[in-house]
Each structure stands twice: as C-alpha cells, then as structure tokens.
Amino acid sequence: MRVWFDPAIISYEDILKQFFREHDPTQKSKCQYKSAVWYHSEAQRAAIAAAMKELEAKHRVRLATTVDPAGDWWDAEEYHQKYIEKSMMRRGSAGWW
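Just so you know, we're using our numbering here: the sequence shown kicks off at 3 and counts up by one.
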C-alpha cells in the first residue's frame, strides 16, 4: 500500500502505529501478504526502527517486517486493491495487537 500524507495533519509515527495494528507483523512467509515498510528518508528509517523496537519489547516477539529504501513503485493487480477494507469485512473488526 502506498500512503501519501500531510505531516501537518498526521505524523509518520501515527501512520506506523496504525500500520502495525492492521496486520500480523510477526508472520514471515506463511501468508500471502508480506509485512514491509519502505522509507524515503533517514528520519523515516529511524522512526520505523523505533516503532518496531517498541512493539518487540512490549509484546516480547520478533517482527518479520522488512524495512528497505523506497524505489520504483508498481500498483498491484486489481484483486489486491482495497485489501484492508476487504479483510476487515471478513474479520469483522480491525486490529492485530
């Protein structure tokens, strides 16, 4: 999922909190969708590392989320679009933690 945001309205840290709430970041390759974050700056990379460290300490688990610099972007096929909306309807509620 590509996210565009206005930091005057929502912080990058708040977006990360929501990202980690919405899926199971501990799963490696057992599920179809990979947990991954791509950063555009050193500040974003540091924020990701801090968020992951906090979650790992709080829940005593190792996150499988990969963290890489952002590169070229390609939209996924149509059936992958609106994944969160579709998965919330199946689950009935949002939130992993």
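We put the beta carbon where it would ideally sit given N, CA and C, even for glycine.
Give me the Cβ distance between residue i and residue j, rounded to the nearest whole Å; I'm assuming they're in contact under 8 Å.
{"i": "S37", "j": "T67", "result": "4 Å"}
{"i": "P48", "j": "L18", "result": "It should be pointed out that residue 48 corresponds to Ala in this sequence rather than to Pro. Going by Cβ atoms, the distance from A48 to L18 rounds to 11 Å, so no, they are not a contact pair."}
{"i": "R4", "j": "W75", "result": "6 Å"}
Taking all protein chains shown into account, decide if residue i is buried (16 or more other Cβ within 10 angstroms of its Cβ) or exposed.
{"i": "V39", "result": "buried"}
{"i": "Q34", "result": "exposed"}
{"i": "F22", "result": "buried"}
{"i": "Q46", "result": "buried"}
Given a cut-off of 8 Å on the beta-carbon distance, is the pair residue i and residue j in contact?
{"i": "H25", "j": "A72", "result": "no"}
{"i": "A53", "j": "E15", "result": "yes"}
{"i": "V63", "j": "T28", "result": "yes"}
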